[in-house]
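Residue numbering for the sequence shown follows my numbering, starting at 1 and increasing by one per position.
Okay, structure first, notes after.
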Amino acid sequence: MNELEQLLAPYQSDLDGAAIETLAVRAGQYRSQENEHSEAIFPTSSYVFRSAAEAAARFKGESPGNVYSRYTNPTVRTFEERLAAMEGAEACAATSSGMAAIYAVAIAHLKAGDHVICSRSVFGSTIVLFEKFLRKFGVDISYADPVNADDWRAKSNANTRLFFLESPSNPMLEVADIGALSVVSREVGAMLVVDNCFCTPVIQRPLALGADLVIHSATKYIDGQGRCLGGAVVGPMSLIDPIIGVLRSAGPTMSPFNAWVFTKGLETLGIRMKAHSENAAQMAAWLLAHPKVTKVNFCGLESHPQYDLIQRQQTLPGGVLSFEVEGGRDGAWKVIDSTRMISITANLGDTKSTITHPATTTHGRLSEEERLAAGISQGLIRLAVGLENVVDIQRDLAHGLDAL
Ligand SMILES: *Cc1c(COP(=O)(O)O)cnc(C)c1O
């Protein structure tokens with residue numbers, strides 16, 4: 001072992017076959033010469049070489065080691081290895097945000113003339129990225145129903161290279177059958193990319209279900225406390241390598257400080273996702289029983305149209321739900337404006353509960369017909385349930401609901 005290899009000696013030779021809870025705490029850690037117990041942060045832009053010859057060898061890629069933090073950084077590597085281990089993947093590329101992860105996948109794997117099929121229920125900025133920028137470079141985009149695999153087959157053509165989806169969807173919590181869609185993507189010769197932001201690897205592991213790449217906005221549950229922006233792409237080295245090439249040249253890489261926050265976030269992700277799911281389940285039951293609530297969308301309800309699929313695909317329902325109140329937009333706004341604790345913000349995946357009116361915020365750009373086709377009525381409210389005591393969340397929502 002040379003000095004560098006010694007420094008990198010992983011202290012994890014006995015993690016083979018370890019459970020996800022163990023990987024969340026232990027995977028990817030390399031101790032420095034200081035033998036620190038908690039993961040170190042390396043806030044450095046560049047690295048020094050012992051000689052001109054060593055610098056030359058590093059630049060040529062003939063000797064392993066760090067050159068510049070746009071290429072590699074030890075703190076970022078720890079986050080990447082830990083998240084890859086938790087997703088059951090060979091490799092991970094960390095990015096400056098969730099959107100940078102989606103951007104890097106597109107730039108690395110698509111070219112002019114290619115065709116993308118995207119679920120019609122994905123994050124708004126993803127659609128803007130595809131429509132406003134990818135189209136400019138000659139990539140064609142179609143939209144398909146996430147719960148109907150045949151729709152994806154029907155919309156495919158000889159140029160289809162990429163399927164993109166989120167499951168469950170925002171804000172209707174529709175669940176895509178990842179296994180069934182992976183069969184179609186293989187038939188078509190397309191890559192299946194799943195944005196796993198709502199579930200995290202604790203709840204759903206898309207690669208094991210047949211996906212080719214997994215996207216994360218680490219900004220959400222992986223941070224879990226609303227502090228840092230970051231993202232990641234996870235999958236086999238053959239598909240991650242071209243993405244690393246894009247990140248190195250274009251530069252949307254993760255900062256070491258953010259990587260450290262996310263690494264520590266992964267350690268508590270399992271217990272947080274359980275707590276978010278339990279609180280959300282209690283909120284869903286309470287909302288269902290409320291006379292002013294006309295509908296509740298939540299993955300933990302037996303009335304969910306894909307309840308059987310959810311049992312097979314997810315280990316927990318997750319922390320996000322949506323519900324419809326009487327009185328359309330006025331009713332929904334009244335409930336939102338009557339809260340005194342819950343945060344009015346479109347963000348999610350925070351210890352603090354957040355509330356939003358999709359029809360006039362995240363889905364405000366759609367026409368009313370498009371919104372209704374997606375099931376997003378004016379009376380719909382999305383609640384990302386945090387870790388406060390549920391009794392307090394209920395009391396806060398009751399202010400507006402009871403007055404409707
Ligand atoms: C927030 C979000 C993104 C974008 O992530 P950023 O870190 O904000 O860039 C992508 N997909 C989903 C599902 C999200 O919720």
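The beta carbon of each residue, even a glycine, is placed where N, CA and C say it ideally should be.
All values derive from a computational prediction rather than experimental measurement.
- According to the DSSP assignment, serine 119 belongs to the beta strand (DSSP E) that extends over 115–119.
- Ranking Gln313, Pro317, Ala211 and Leu229 by CA distance to the CA of glutamate 278 puts Pro317 first.
- Bridge partners of threonine 315 according to DSSP: none are assigned.
- The shortest C-alpha to C-alpha distance from glycine 226 to any of Val233, Gly265 and Arg205 is the one to Gly265.
- Under DSSP, no beta-bridge partner is assigned to histidine 290.
- For aspartate 195, the enclosing beta strand (DSSP E) covers residues 191–195.
- Spatial neighbours of valine 246 in its own chain (CB-CB distance under 6 Å, excluding positions within 5 residues in sequence) are listed in chain order as Ala104, Ile107 and Ala108.
- Distance from the C-beta of leucine 229 to the nearest heavy atom of ligand 1 is below 7 Å.
- Excluding five sequence positions before and after arginine 161, the CB atoms of its chain that fall closer than 8 Å to its own CB belong to His109, Leu110, Asp114, His115, Val116, Gly189, Ala190 and Met191, given in chain order.
- Excluding its 5 nearest sequence neighbours in each direction, glycine 224 has C-beta neighbours in its own chain below 6 Å: Gly265 and Arg272, listed in chain order.
- For aspartate 350, the shortest C-beta to heavy atom distance toward ligand 1 is 7 Å or greater.
- The shortest CA-to-CA distance from alanine 176 to any of Asp140, Ala144 and Lys274 is the one to Ala144.
- Ligand 1 never approaches glutamate 174 closely enough for any of its heavy atoms to be under 7 Å from the residue's Cβ.
- Straight across, the Cα-Cα distance linking isoleucine 203 with serine 142 is about 29 Å.
- Per the C-alpha coordinates, the member of Leu397, Val293, Trp152 and Leu269 positioned closest to threonine 219 is Leu269.
- Assignment of threonine 160 by DSSP, reduced to helix, strand and coil, places it in the strand class.
- Look at the beta carbons and you see the stretch 53–65 not touching the stretch 168–185: under three pairs across the two are nearer than 8 Å.
- Going by DSSP, valine 183 is part of the alpha helix (DSSP H) stretching over 178–188.
- Judged by beta-carbon spacing, serine 96 lies beyond the 8 Å limit of glycine 235, meaning their Cβ atoms are not closer than that value.
- Assignment of threonine 356 by DSSP, reduced to helix, strand and coil, places it in the strand class.
- Residue pairing by DSSP places glutamate 166 opposite Asp195 in a beta bridge.
- Rounded to whole angstroms, the separation of the alpha carbons of phenylalanine 49 and threonine 356 is 51 Å.
- Taking phenylalanine 163 as the centre and dropping the five residues before and after it, the same chain places the C-beta of Ile117, Ser185, Ala190 and Leu192 closer than 6 Å to its C-beta, in chain order.
- Taking non-hydrogen atoms of ligand 1 into account, the C-beta of phenylalanine 123 is found less than 7 Å away from one of them.
- Within 10 angstroms of the beta-carbon of glutamate 87 lie 16 or more other beta-carbons, which makes it buried.
- With contacts defined as CB atoms closer than 8 Å, valine 67 and phenylalanine 59 qualify as a contacting pair.
- Rounded to whole angstroms, the Cβ separation of aspartate 396 and threonine 339 is 5 Å, and the two are in contact under 8 Å.
- Ranked by how close their Cα comes to the Cα of valine 128, the residues Gly386, Thr362, Leu372 and Gly375 have Thr362 in first place.
- A distance criterion of 7 Å places the beta-carbon of lysine 220 in contact range of ligand 1, judged by its closest non-hydrogen atom.
- Secondary structure within the stretch 202–255: the alpha helix (DSSP H) runs of 4 or more consecutive residues, fully enclosed, are 206–209 and 237–250 (chain order).
- In the three-state DSSP reduction, phenylalanine 130 falls in the helix class (H, G or I).
- Going by DSSP, alanine 149 is part of the alpha helix (DSSP H) stretching over 149–155.
- Between the stretch 377–384 and the stretch 300–311, the count of Cβ pairs shorter than 8 Å is below three; the stretches do not touch.
- Phenylalanine 298 and histidine 290 do not touch by the CB rule: their CB atoms are close to 14 Å apart, not below 8 Å.
- Relative to isoleucine 240, the option among Val261, Pro256 and Asp212 whose CA is nearest is Asp212.
- Separation of the CB atoms of alanine 24 and glutamate 267 is rounded to 6 Å, and the pair is thereby assigned contact status at 8 Å.
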